[in-house]
Amino acid sequence: MLDASTQTTPSLTSTPTSPSTEKTHTTPDPTPTPSYFPRTQRRPPRLAPGFALLLNTWGLLNTFGVFQTHYASTTTASASAISWIGSTQATLLLVIGAITGPIYDRGHLVALLACGTTCIFLGHVFLSLSTQYYRILLSQGLLIGLGAGCLFVPSRLGLATGLAVSGSSVGGIIYPVMLYRLLPQVGFAWAVRIIGFVALATLALPLAVMRQRAYPPARVRALIDRAACTDLHYCLFVGASLLVFMGLFVLLFYISFAAEERRIATEHMAFYIVPILNAASCFGRTLPNALADRLGPFNLIAPCCLVVAGCLFVMVGVRTLGGLVGVALVAGFFSGALIGLPPLCFVGLTADQSMIGTRMGMGFGIIGLGVLAG
């Protein structure tokens, strides 16, 4: 009996669980937690600031074909050496943009915008004072490239939004025309300074209105996703894109120079070939993105690669102005698609949605090395 009583005593004398205690385990804490806006969910992208950012990152890069022609006629550097300036700018835009992704996720958006804006403006100021090749390389290739990398943070919606992406093409139309019109009136130094002031004024918009709420530490993207290195489809796409980008900027950098060198076009018309190419790329960066939802980005990007490669071969035999303009229009449209579609491809290759930013940054960082090699 004693053993039985001792065995039953705990059940008779145990303290019952209070309702309040049970409630804490079965219902969530009613105290609201600090909310935040994930970059890819509740908050729609602001098109005007995004447009301004791409206007002064990719847009300035798309202008380099005009600088290539100008430097070829005013400096003793070879065409190959001059193209290193644009290649350096493009590489830093992509590589630094991949590195600044985690900085952005930690809530330092305003610091990135301020740093990028300052570098781009000072780069134009120093470029206006540069008369030697190495100074041009440091100011336009390095400093402006660093600034563009701070402003270009690869993200799913920022790049996949066609209207914002078109800002890069608009910059490639406006800035070359500005440079060509200002050169005979105020000279190279002041023409570059005016472009710098325009960039400063337009970048004031995102600097003034773009803000970011604090993110939980768990949502900060990693710089490298090791699992991506064993993902065969991801590695094949990045490797193929690296090869594509090695030749993608050849026409953009050299088409104006080739038109004048071969005497296909007058100096006046040669300068306008670059804006024509960029005008076509504006449609190439928007229309294929709209079709990608139905046809799939991979089904579109493969034919675009073939067309751009064909334009490079056709350019070798072009001897008339009409043929040159035709190549510029076709190559501009399909090269624009090759820049606008890769972000959608990265999204399709990433099963874990939280790793999209990381994989996109890794991919663009590797692709940027291809631009430098090309």
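Just so it is clear: in the sequence shown, position 129 is 129 by the UniProt record's numbering, and no numbers are missing.
Glycine included, C-beta positions come from ideal geometry on N, C-alpha and C.
Values in this document were obtained by computation on a predicted structure and should not be read as measured data.
I'd like to know if the stretch 123 to 140 and the stretch 80 to 88 are in contact, where contact means that at least 3 CB-CB pairs between them fall below 8 Å.
In short, these stretches touch, since the Cβ pair count reaches three.
On the three-pair Cβ rule with 8 Å, is the stretch 315 to 332 touching the stretch 223 to 232?
Output reads no: the stretch 223 to 232 does not touch the stretch 315 to 332.
Grab me the residues of Gly187's own chain with a C-beta within less than 6 Å of its C-beta, minus the 5 sequence neighbours each way, in chain order.
Reading the sequence shown from its first residue, position 187 is the one you call residue 187. Correct list: empty, nothing qualifies.
Who are the near neighbours of Met362 in its chain, counting only those whose CB is closer than 7 Å to its CB and skipping five residues on each side?
On the sequence shown, position 362 is the one that residue 362 refers to. If we look at Met362 and ignore the five residues flanking it on each side, its Cβ neighbours are Ala98, Ile224, Asp225 and Ala228.
If I measure Cβ to Cβ from Gly322 and keep anything under 7 Å in the same chain, skipping five residues before and after, which residues do I get?
As a first step, residue 322 must be located in the sequence shown, where it is residue number 322. None.
Expressed to the nearest angstrom, what Euclidean distance is found between the alpha-carbon atoms of Met178 and Ile120?
Stepping through the sequence shown from its first residue, residue 178 is reached at position 178. Stepping through the sequence shown from its first residue, residue 120 is reached at position 120. C-alpha separation (whole angstroms): 17 Å.
According to DSSP, is Ala265 part of a helix, a strand, or is it coil?
Translated into positions along the sequence shown, residue 265 becomes position 265. Three-state DSSP puts Ala265 in coil, outside helix and strand.
To the nearest angstrom, how far is it from the Cα of Val325 to the Cα of Leu122?
Along the sequence shown, one-based indexing puts residue 325 at 325. Along the sequence shown, one-based indexing puts residue 122 at 122. Using only the alpha carbons, I get a separation of about 35 Å.
For Gly59, which residues of its own chain have a beta-carbon under 8 Å away from its beta-carbon, when the five flanking residues on both sides are left out?
For the purposes of this step, residue 59 is taken as the residue at position 59 of the sequence shown. The residues are Gly167, Ser168, Ser169, Val170, Gly171, Gly172, Ile174 and Tyr175.
Measuring alpha carbon to alpha carbon, tell me which of Phe237, Ala111, Leu200 and Gly147 ends up nearest Arg211.
Residue 211 sits at position 211 when you count from the first residue of the sequence shown. Checking every option, the nearest Cα to that of Arg211 belongs to Ala111.
Does DSSP put Gly284 in a helix, a strand or coil?
Residue mapping note: residue 284 aligns to position 284 of the sequence shown, counting from 1. Helix at Gly284.
Pick out whichever of Ala279, Val209, Asn299 and Val244 has its Cα sitting closest to the Cα of Asn62.
As a working note, residue 62 is residue 62 in the sequence shown. Comparing Cα positions, the closest option is Ala279.
Count the other C-beta atoms from every protein chain shown that fall within 10 angstroms of the C-beta of Asp105, then say buried if there are 16 or more, exposed otherwise.
As a working mapping, residue 105 is identified with position 105 in the sequence shown. Result: buried.
Kindly give me the distance between the Cβ atoms of Ala148 and Thr57, rounded to whole angstroms, as I take these residues to be in contact under 8 Å.
Counting from one through the sequence shown, the residue named residue 148 turns up at place 148. Counting from one through the sequence shown, the residue named residue 57 turns up at place 57. Sure, about 4 Å apart at Cβ, within 8 Å.
Where do the N-terminal and C-terminal ends of the alpha helix (DSSP H) with Met210 fall, by residue?
Looking up residue 210 in the sequence shown gives position 210. Where Met210 is concerned, there is no enclosing alpha helix (DSSP H), given that its DSSP letter is neither H nor E.
Using CA coordinates, which residue listed in Ser281, Ala258 and Cys282 is at the minimum distance from Phe271?
One-based indexing of the sequence shown puts residue 271 at position 271. Ranking Ser281, Ala258 and Cys282 by Cα distance to Phe271 puts Ala258 first.
How long is the line joining the alpha carbons of Gln132 and Val244, rounded to whole angstroms?
Translated into positions along the sequence shown, residue 132 becomes position 132. Translated into positions along the sequence shown, residue 244 becomes position 244. Cα to Cα, the separation comes out at about 32 Å.
State the start and end residues of the unbroken alpha helix (DSSP H) segment that holds Cys115.
As a first step, residue 115 must be located in the sequence shown, where it is residue number 115. Residues Leu109 to Ser128.
So what does DSSP say about Ala351, is it helix, strand or coil?
Within the sequence shown, the letter at position 351 stands for residue 351. If DSSP states are grouped into helix, strand and coil, Ala351 belongs with coil.
Let's test the definition: count the other Cβ atoms within 10 Å of the Cβ of Phe197 and tell me whether it reaches 16, buried, or not, exposed.
To locate residue 197, count along the sequence shown from 1; it is residue 197. Answer is exposed; the Cβ neighbour count stays below 16.
What residue range is occupied by the uninterrupted alpha helix (DSSP H) comprising Ser241?
As a position in the sequence shown, residue 241 is number 241, starting the count at 1. Start and end: Leu232 to Leu248.
How many angstroms separate the CA atom of Ile367 from the CA atom of Leu92?
For this step, residue 367 is matched to residue 367 along the sequence shown. For this step, residue 92 is matched to residue 92 along the sequence shown. So the two alpha carbons sit approximately 11 Å from each other.
Buried or exposed for Leu252, please, with buried defined as at least 16 other CB atoms from any protein chain shown within 10 angstroms of its CB.
The residue given as residue 252 occupies position 252 in the sequence shown. Leu252 should be labelled buried.
Tell whether a beta-carbon distance below 9 Å holds between Thr74 and Glu260.
What you label residue 74 is simply residue 74 of the sequence shown in a count that begins at 1. What you label residue 260 is simply residue 260 of the sequence shown in a count that begins at 1. Result no, Cβ atoms of Thr74 and Glu260 do not sit closer than 9 Å.
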